[in-house]
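Chemist: The numbering used here numbers the first residue of the sequence shown as 12 and each following residue consecutively.
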Amino acid sequence: MNIKVLIATHKKYDMPSDPVYYPVQAGRELHDALEYPGDNTGDHISGKNKNFCELTCLYWAWKNLEADYLGLVHYRRHFAGKFSFQKRNRILTGEQLSALLEKYPVIMPEKRNYFIESNYSQYVHAHNEQDLTVTRSVIEEKYPDYLAAWDRIMKRTDGYRFNMCIMRRDLMDAYCTWLFDILFEVEKRLDISNYSAYDARVFGFISERLLDVWVEKNQPPVKVLPVVNLESQHWGKKIWNFLLRKLSGGKLGKTK
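1. May I ask you to report which of helix, strand or coil DSSP gives residue 136?
2. Kindly indicate which residue of 72, 62, 31 has the alpha-carbon position closest to the one of residue 51.
3. Taking the CB atoms as reference points, tell me whether residue 17 and residue 30 lie closer together than 9 Å.
4. Can you tell which of 61, 76, 26 has the C-alpha that lies nearest to the C-alpha of residue 5?
5. Quick one: what's residue 16 bridged to in DSSP?
6. Within this structure, are the beta carbons of residue 92 and residue 14 separated by less than 9 Å?
7. State the Cα-Cα distance for the pair residue 100 and residue 19, rounded to the nearest angstrom.
8. With distance defined between alpha-carbon atoms, name the residue in 122, 174, 107 nearest to residue 12.
9. Please list the terminal residues of the continuous alpha helix (DSSP H) segment that includes residue 164.
10. Got a sec? Which residues, its chain only, sit under 8 Å from residue 158 by beta carbon, not counting five neighbours each side?
11. The beta strand (DSSP E) with residue 90 in it runs from where to where?
12. Residue 239 and residue 102 look like a contact to me (Cβ under 8 Å); what is the Cβ gap, rounded to whole Å?
13. Just to confirm before moving on: does the CB-CB distance between residue 75 and residue 215 stay below 9 Å?
14. When DSSP builds the beta bridges, which residues end up paired with residue 169?
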């Protein structure tokens, strides 16, 4: 198998040495060059990185790399293989991945469960409701057969996050064609001129929800794996901010 799992990064980092991994500098068009290949060659959207986040790497790989399987992870966040007390030793190896791909054409991270929030209300409390309203309208117009899946996902309390996935090439091609067609149309219709720098990453946030929708509609065989985070996740702070947004009705973390 020719497998390439991109590691999206914006800084130098101690990358896995396994040859299955392919570090790529996200937003290279906007920043000084690092030692890694950039997402700004060939057909690319590197200049959109402030709004599309790691998706600029995914787009670049989709358009420019040849591989039987393509995937996306982050410099500090990876799929986990065998357990080890050393975090780095937990990172999924190419050998482990090849064995899984013999049975499963799609690898996804364990879902995050918000318990007291639906995917819709969690997004609205953390970001801007119009992001979802516009996205749903675009789906209704361009891909009406996906609308029921969108509505089901929005009502659930759990979902895949981080835009992490590994897919067989034909599935990745289908997913990216669908995903970027929707996002580019939403980009045309959504006014983000008053968004904070954080909320301006909107298309990365929306795509996390769209990945759930695509999997829900197409039902490919999926293997779900734990995620190993190489850095502290500050869960206490995250939970506190989550509750504050809930109690404030979403007034925190919105536009300036």
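For each residue, glycine too, the CB sits at the ideal point set by N, CA and C. None of these values were measured; they are calculated from a predicted model.
Modeler: In short, the structure shows the following:
1. helix
2. 72
3. no
4. A query on residue 5 cannot be resolved here, the shown segment of the chain reaching from 12 to 267 and no further.
5. 32, 82
6. no
7. 19 Å
8. 107
9. 158-166
10. 147, 150, 151
11. 88-90
12. 6 Å
13. no
14. 124
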